[in-house]
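Numbering follows my numbering, in which position 33 of the sequence shown is assigned residue number 33; successive positions increment by one, without gaps.
Just so it is clear, CB atoms sit at the ideal spot from N, CA and C, and this is done for glycine as well.
This one's a predicted model, so the numbers in the text were calculated from it and none came from an experiment.
The structure appears below as C-alpha cells.
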Amino acid sequence: MQFDLRQLGRKGSGTLRDEHVDRTFQPSDFAASVVEDEEYKVVAPVHLVMDVHKDREAYRVSGNITTRLQLECGRCLEAFEIPVDSAFELRYVPEPAPTADGGEREVTEDDLTTSYYKGESIDVGELMHEQFVLALPMKPLCSDACKGLCPHCGTNLNKGTCDCKPTWTDPRLAALEGLMKSNKE
Ligand SMILES: [Zn+2]
Ligand SMILES: [Zn+2]
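See below:
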C-alpha cells in the first residue's frame, strides 16, 4: 500500500502541489500484512481521506481515517470491536542518511508527527497502522463492567458462574464467624 509521490506536481500545468486522496481498503487488504501478534484486527472497510501537500522536499499529509477494529478483552479474552475515527496531521521528510558516527539522532517533539519517505513514495499501510495503534485503548476492555475469568477454573464470569470459592473473605465476616464459633464452645 504505497502512495506514489511522483504523481504530485505532474498533473496539468505541473504547478499542482496538492493531491486529494479518497480510498477505501477492505479488511482483506490488511490480512496479508498483519503480523501474528498484532493486537488488533481490521474488521470493516477502512476509509482513508487525506490531502497531500508538497512543500519543497517535505510532504504535509492531513486527513482522516475511519474503520472498526477487533480487539481482545484484557480481562475475559473475548473479542470485541471499537470504532476508529481519527484525524491526523503528518509530515514526511526524506529519509536522512545514517550519521557517520552511528549516533542516535536527538528526538525532538516534532518527530512525533514526522515520518520518512523512501523512494518517492509514502507507505500508506504503515501510516494507517500507526493511526490504528494510536487509537487503541491503554487497557482493552469489552466493557468497564467486565467480570473477567475465574482465576481458578477459567469460567467467563460475564456468561456464567462457577463453584469456585473466592479466596478473599470479608475480614469482618471472618471475625463474626470466629465469634460465633467461640460462643458455641
Ligand atoms: Zn471482557
Ligand atoms: Zn471458577
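Exercise. For T114, I'd like the list of residues in its chain whose CB is within less than 8 Å of its CB, leaving aside the five on either flank, ordered along the chain.
Key: Same-chain partners within the cutoff: L90, R91, Y92 and V93.
Quiz item: Using a Cβ-Cβ cut-off of 8 Å (strictly less than) and excluding sequence neighbours within five positions of E120, which residues of its own chain qualify?
Solution: Correct list, in chain order: D4, L5 and R6.
Quiz item: Quick one: is L173 buried, meaning 16 or more other Cβ sit within 10 Å of its Cβ, or exposed?
Solution: It counts as exposed.
Self-check item: Supposed contact pair L69 and V43 - C-beta distance, whole angstroms, cut 8 Å
Solution: At roughly 7 Å, the Cβ-Cβ gap stays under 8 Å, so V43 and L69 are in contact.
Self-check item: C150 beta carbon near ligand 1 (any heavy atom closer than 7 Å)
Solution: Relative to ligand 1, C150 has its C-beta separated by 7 Å or more from all heavy atoms.
Quiz item: Per DSSP, what kind of secondary structure is P27 in: helix, strand or coil?
Solution: Annotated three-state conformation of P27 is helix, per DSSP.
Self-check item: Distance between T161 and V52 (C-alpha atoms, nearest Å)
Solution: A direct Cα-Cα distance of roughly 54 Å separates V52 from T161.
Quiz item: What three-state label does DSSP hand L134 in the structure shown?
Solution: Residue state for L134 is assigned as helix, using DSSP reduced to three classes.
Quiz prompt | Straight-line Cα distance separating A87 from G63 | solution = Near 6 Å, if we compare the C-alpha coordinates of A87 and G63.
Quiz item: Under the three-state reduction of DSSP, which class applies to E126: helix, strand or coil?
Solution: DSSP places E126 in helix when its eight states are reduced to three.
Quiz item: In terms of alpha-carbon separation, which member of A97, A31 and A135 lies closest to K41?
Solution: The residue with the shortest Cα to Cα distance from K41 is A31.
Quiz prompt | L69: CB within 7 Å of a non-hydrogen atom of ligand 1 | solution = In this structure, the C-beta of L69 stays at least 7 Å away from each heavy atom of ligand 1.
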